[in-house]
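In order, the protein sequences belong to chains A, B, C and D.
With the UniProt record's numbering, the residue at position 64 of the first sequence is 64, and numbering never jumps.
With the UniProt record's numbering, the residue at position 2 of the second sequence is 2, and numbering never jumps.
With the UniProt record's numbering, the residue at position 84 of the third sequence is 84, and numbering never jumps.
With the UniProt record's numbering, the residue at position 37 of the fourth sequence is 37, and numbering never jumps.
Number of protein chains: 4
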Amino acid sequence: MEASPQPTSPGWRLRAYSIIFESDTPAGRTFDIVLLCAILLSVLAVMLESVHRINSLYGPTLRAIEWVFTVLFLIEYVARLIVVRRPLTYALSLLGIIDFLSVVPTLISLALAGSQYLLVIRTLRLLRVFRIFKLGQFVGEGEFIVRALKASRFKILVFLTAVLTLVIVIGTLMYVVEGGQNGFTSIPQSIYWAIVTLTTVGYGDISPVTVLGRTLASILMILGYAIIAVPTGIVSAQMATPSAAAPPAYKQVICHVCQATDHKPEAEYCWRCGEKL
Amino acid sequence: MEASPQPTSPGWRLRAYSIIFESDTPAGRTFDIVLLCAILLSVLAVMLESVHRINSLYGPTLRAIEWVFTVLFLIEYVARLIVVRRPLTYALSLLGIIDFLSVVPTLISLALAGSQYLLVIRTLRLLRVFRIFKLGQFVGEGEFIVRALKASRFKILVFLTAVLTLVIVIGTLMYVVEGGQNGFTSIPQSIYWAIVTLTTVGYGDISPVTVLGRTLASILMILGYAIIAVPTGIVSAQMATPSAAAPPAYKQVICHVCQATDHKPEAEYCWRCGEKL
Amino acid sequence: MEASPQPTSPGWRLRAYSIIFESDTPAGRTFDIVLLCAILLSVLAVMLESVHRINSLYGPTLRAIEWVFTVLFLIEYVARLIVVRRPLTYALSLLGIIDFLSVVPTLISLALAGSQYLLVIRTLRLLRVFRIFKLGQFVGEGEFIVRALKASRFKILVFLTAVLTLVIVIGTLMYVVEGGQNGFTSIPQSIYWAIVTLTTVGYGDISPVTVLGRTLASILMILGYAIIAVPTGIVSAQMATPSAAAPPAYKQVICHVCQATDHKPEAEYCWRCGEKL
Amino acid sequence: MEASPQPTSPGWRLRAYSIIFESDTPAGRTFDIVLLCAILLSVLAVMLESVHRINSLYGPTLRAIEWVFTVLFLIEYVARLIVVRRPLTYALSLLGIIDFLSVVPTLISLALAGSQYLLVIRTLRLLRVFRIFKLGQFVGEGEFIVRALKASRFKILVFLTAVLTLVIVIGTLMYVVEGGQNGFTSIPQSIYWAIVTLTTVGYGDISPVTVLGRTLASILMILGYAIIAVPTGIVSAQMATPSAAAPPAYKQVICHVCQATDHKPEAEYCWRCGEKL
């Protein structure tokens, strides 16, 4: 068990590994595309089942489809476990957990009705989509966005802390000013309103009525309108700096198993899960 | 059939070509401006016809105007086909198809009531407006925006994939949390709500009621407020880079027939439809 | 009549000019501050008069205040006309017209009730506020914003044309898809809805109900969320370019009469109205 | 009284100072984290008390918790006063006032019911959170944002003045156009609507009904959608400039007492409150 996919293992295992985990060979690429379609179809089935009218007409069919996909994904999950060099590392990696959670809810739904809706967690499996295009530009571009966000994470955290403080203080003020009869029935409720307003969503389910309340709300709106410039400015400035535009000499490669990127140019094994690159 | 507008063709054809397709001559400019006014008026007529009160008063007049414009546009379309060097290339180019679709709905409306509203597709003909100003700055500026968006297309796609995944997962969670009695009647419905919230539109036709739902909604709103920084940052950074600011030495010229730009400096024929520049 | 404020004119005229039009002397500064307070108070009086409850209590008082301010502004306007070198140029400049319009509505309201609300046009007189701070940073900063917007005007126009075309086409589609019973009673109405949605305002007075309509609306929302990046990117890139950051060697001076800026360093007379700087 | 925390003072005072005001020692760090938890819990207690259902069940418990925290914070406040070198400077600094206001409302609530909600002012004490992480990146990043905003303050003020003028003029126009029966009952009300619309919040509690009103509203929305580019552009450009990216050689240090930053590299005492750094 020193090398990935176990060099001393029989030929079928090596082949299976390259089909299931890689997408350089035609077979591997086909496998990935079929898998993506299966994921999309199964998510669609879960969605349609939730629509009352469709459920009353085609309910049993949809539930059958769900079971078929669940069994298929279960087989796929077991196959991944068998074929990979370090099953435990895979099982505990982010993608491994998502793969596991994509199968479980249907089984639980036998005991607990309603839990099958958790199947939409399968949507997260679509993240694999990027592997298929790994030779394309997507990895680099995704990397670029993630790197810019990472580099700005302290600034964004400072910004969010300021926003939360503002929202709590103004929310409480509005609770005192407007009072329960205008919809501001409690401080958490008022904070919810303040978030709805500051982010310029503005449902209108709660809205100020008194003159003082409207004045406060106007100030909050103009603040929200102005301070959206802060995160935007942070990310723009980060993306415009040369260091972000010209990424360091990382290998543009994704680990087959845990999808980690940012490998050093000379790396032969994934720095996160130890899989061979 | 070697040169555009057919050098061996009679003089009237050459003249007609320069009037209909070019706008360098006074006659060509006048033709274009008259055409734009006709397009605006016909779109206005279609709009007014849809207003119940106006329709009951001036319905027949508006329908007559529609027919007059349709016949005029039909004549224009046929004239374009006759005069152009490669009629088929024109007919299959984007602008050719739009010109064709601008005429068809009125004819169909004889058989199928209501289809005349598709006439607003004529609005797309207004894209020709840029040709009139081709000596001005518009081509360059339009080019600039399109080039910046093109250069960011992978980043924007990655961003949209992330947004869609987020919206599906949170939409389903809200369906489980809030349930049908609060308006979240199905998963697609909840996803619609999540899009309305994340994009900060916030109609308020569906809005969370439970404490857990409101907490989730607050997180989604703050996320939506923060991640709008990503597309903005991408486009800003792209536009601020020197390569985007100083465009390559392309010819600032639009093809008369298919409106293609980005011709090489030494190009004499359009790279897309083969028309003479 | 060669020089501003008429060198051959008596001393009182020169003094009056420096008080009314300039703000370098203590007297001129005091005049400007008193004027600004008067403008703010008179606008406030007009606003309060429109509130029913306040009007029924203090109506006559408010109307008296209005008349006092109108007479004062009329005197000021006449004084400006007498004192300035070229009365006609002042009267026809933007600020001269605003000064005139600030007086007229009260007079008209004698004949036509309701017209006194047009007095809020006085708010525009507050633009003079920048003159008071002319030694400060405001002129430069205002200049900076205006210059960046001017430099981007073609890009913004192209963007607005694209937005309008999009809004017309999607508005009409929604009219066909949703129909009158869901609030989309006419094409102009649907276009209004499309603008409300694209700009992420989202009143919720009209909102889609059918599945197809909601799908279309979702696309429009995500588009609106994404394309806001375009104007932001344009202005950011413009402001970040060195040419915008380091303004050319213009004189940081505002014309006393027409408030024009951007004078050449060696200029002694305003390029717009001919007043001495 | 020459040095902070009074070098001639007994050892316990020096120790107490380093625990309460600094966070370099384990004891000081523990004190700060306990304090933050206490603040969060006490704010939570105030919030929950405002929820009617929770109040009727656990009201007395919550009020007891409030009193416990108030007494603790009072002790802490007195300790700070005793231990600090210049008690008056601390008491009059921003943080000193916030610390004082965090204790007072509970005492007042004995006489005046409802005033305990002002306790959320305690949230502002969370600003201390940044001190704990002072060795981290937070100070620098917070500094970066504040410096960019400060550098843009004139531009933002000019922008806000323009926005307010726009909102007043359009608000009044809408009042004249729509009139009271459509919700635009007074000019201040209409200005409130204009702010709700321009900032793209869009509650929908007031929305235009007439054709002219909707046209005006559409223009305002597109304006609001476009001019959000201005503050964003200002802050982005400011953050992208090298002078902002590479901050001057200030000491990355916060004053223990008044939280001032931006100290000169050679500074040994806080420039604002005179405390030893």
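Backbone N, C-alpha and C define an ideal beta-carbon position, used for all residues, glycine too.
When secondary structure is reduced to three states using DSSP, Tyr269(A) falls in the strand class.
With contacts defined by Cβ atoms closer than 8 Å, Val68(C) and Met221(D) do not form a contacting pair.
For Pro208(D), the secondary structure class from DSSP, reduced to helix, strand or coil, is coil. Ala151(A) places its beta carbon less than 8 Å from that of Gln238(A). Beyond the five residues adjoining it in sequence on each side, Thr123(C) comes within less than 7 Å, by CB distance, of Val43 in the same chain, given in chain order. In this structure Val209(D) touches Glu178(D) by the C-beta definition: roughly 7 Å separates them, less than 8 Å. With a threshold of 8 Å between beta carbons, Ser218(A) makes no contact with chain C.
The CB of Leu124(A) comes closer than 9 Å to the CB of Thr165 and Val169 in chain B, given here in chain order. Within chain C, the residues Gly202, Tyr203, Gly204 and Ser207 have their CB atoms less than 9 Å from the CB of Gly204(B), given in chain order. The alpha helix (DSSP H) runs lying completely inside the region 217-245 of chain B and spanning 4 residues or more are 229-240 and 242-245, given in chain order. For Thr215(B), no Cβ of chain D is located within less than 8 Å of the residue's own Cβ. Taking CB atoms only, Pro231(C) has a neighbour in chain D less than 8 Å away. Contact with chain D is absent for Ile98(C), since none of that chain's Cβ atoms lies less than 8 Å from the residue's Cβ. By the CB criterion at 8 Å, Ser50(B) and Ile187(C) fall inside the cutoff. For Tyr90(B), the enclosing alpha helix (DSSP H) begins and ends at Pro87 to Leu92. Contact annotation, Ile156(C) with Ala226(D): C-beta distance approximately 7 Å; criterion of less than 8 Å satisfied. Here Asp24(B) carries a coil assignment [DSSP, helix/strand/coil]. Burial state of Ala16(C) is buried, judged by a 10 Å Cβ sphere holding 16 or more other Cβ atoms. In the DSSP assignment, Thr61(A) falls within the unbroken alpha helix (DSSP H) covering His52 to Val83. In this structure, Thr70(D) is the residue among Thr70(D), Arg80(D) and Leu92(D) with its C-alpha nearest to the C-alpha of Leu107(D). Taking a C-beta cut-off of 8 Å against chain C, the contacting residues of the region 144-160 of chain D are Phe154, Lys155, Leu157, Val158 and Phe159, listed in chain order.
With its beta carbon less than 8 Å from one in chain B, Thr199(A) belongs to the interface.
For the 8 Å CB-CB criterion, Leu48(A) and Ile39(A) do not form a contact. Between Thr241(C) and Gly233(D), the C-beta spacing is not below 8 Å. The shortest C-alpha to C-alpha distance from Ile121(A) to any of Pro26(A), Gln181(A), Gly96(A) and Val84(A) is the one to Gly96(A). For the pair Tyr192(B) and Phe184(D), the Cα-to-Cα distance works out to about 31 Å. Not flagged as an interface residue toward chain B: Ser56(D), since no C-beta distance is shorter than 8 Å.
Residue ranges of uninterrupted alpha helix (DSSP H) with 4 or more members, entirely inside the region 179-205 of chain A and ordered along the chain, are 187-198. Within 10 angstroms of the beta-carbon of Ala111(B) lie fewer than 16 other beta-carbons, which makes it exposed. When the beta-carbon positions are compared, Phe144(B) and Ile145(A) stay at least 8 Å from each other. Sorting Val230(B), Thr200(B), Gly28(B) and Pro60(B) by C-alpha distance to the C-alpha of Arg153(B) places Val230(B) at the top. In this structure, Met174(D) sits near Gly213(D), with a CB-CB distance shorter than 8 Å. In summary, Leu92(A) is exposed, with fewer than 16 beta-carbon neighbours lying within 10 Å of its beta-carbon over all protein chains present. Neighbours of Ser236(B) in chain D, taken as residues at a C-beta separation under 7 Å, are given in chain order as Ser236.
Where Leu107(C) is concerned, the enclosing alpha helix (DSSP H) starts and stops at Val104 to Ser109.
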